[in-house]
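A.B. asks: In the numbering used here, the protein residues as written are 19 to 102.
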């Protein structure tokens with residue numbers, strides 16, 4: 019997570035997720051998070067200054083949601099394959 023001083027009022031925190039199996043530049047997902055909902059993600063570590071995983075890659079909502087669906091599908095497939 020990282021603070022975004024240019025974010026919309028009430029959405030100054032961004033949650034960044036990265037698919038560890040995706041290629042470079044293909045697995046980042048960023049979600050502006052409402053200030054009122056920060057307790058839901060308070061366990062997520064904050065990014066350190068300069069963390070390359072906490073820099074928006076310019077992708078829009080549709081690409082981010084497609085990446086999230088892809089990540090969920092691959093993780094579910096892997097879990098089924100190992101019996102987890």
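Every residue gets a Cβ at the ideal spot worked out from N, C-alpha and C, and that includes glycine.
Measure the CB-CB distance between residue 37 and residue 83 and report whether it falls below 8 angstroms.
C.D. replies: Locating residue 37 in the chain shown gives position 19, where the first residue counts as 1. Locating residue 83 in the chain shown gives position 65, where the first residue counts as 1. Result no, Cβ atoms of residue 37 and residue 83 do not sit closer than 8 angstroms.
A.B. asks: By how many angstroms is the C-alpha of residue 87 removed from the C-alpha of residue 44?
C.D. replies: What you label residue 44 is simply residue 26 of the chain shown in a count that begins at 1. What you label residue 87 is simply residue 69 of the chain shown in a count that begins at 1. Approximately 13 angstroms between the Cα atoms of the pair.
A.B. asks: Residue 35 lies in the beta strand (DSSP E); which residues open and close that run?
C.D. replies: Taking the first residue of the chain shown as position 1, residue 35 is located at position 17. Run containing residue 35: 31-36, per the beta strand (DSSP E) assignment.
A.B. asks: Closest by CA to residue 77, which one among 64, 48, 60, 52?
C.D. replies: Taking the first residue of the chain shown as 1, we reach residue 77 at position 59. The candidate whose alpha carbon is nearest that of residue 77 is 48.
A.B. asks: Under a Cβ-count criterion, where at least 16 other Cβ atoms within 10 Å of its own Cβ denotes burial, should residue 31 be classed as buried or exposed?
C.D. replies: Numbered from its first residue, the chain shown carries residue 31 at position 13. By the neighbour-count rule (16 or more Cβ atoms within 10 Å), residue 31 is buried.
A.B. asks: Look at the alpha carbon of residue 58 and the alpha carbon of residue 52, and state the distance between them as a whole number of angstroms.
C.D. replies: Along the chain shown, read from residue 1 onward, the residue named residue 58 stands at position 40. Along the chain shown, read from residue 1 onward, the residue named residue 52 stands at position 34. C-alpha separation (whole angstroms): 10 angstroms.
A.B. asks: Which same chain residues, not among the five before or five after residue 23, have their C-beta less than 8 angstroms away from its C-beta?
C.D. replies: The residue given as residue 23 occupies position 5 in the chain shown. So the qualifying residues of the chain are 30.
A.B. asks: Report the three-state DSSP secondary structure of residue 100 (helix, strand or coil).
C.D. replies: Residue mapping note: residue 100 aligns to position 82 of the chain shown, counting from 1. If DSSP states are grouped into helix, strand and coil, residue 100 belongs with the helices.
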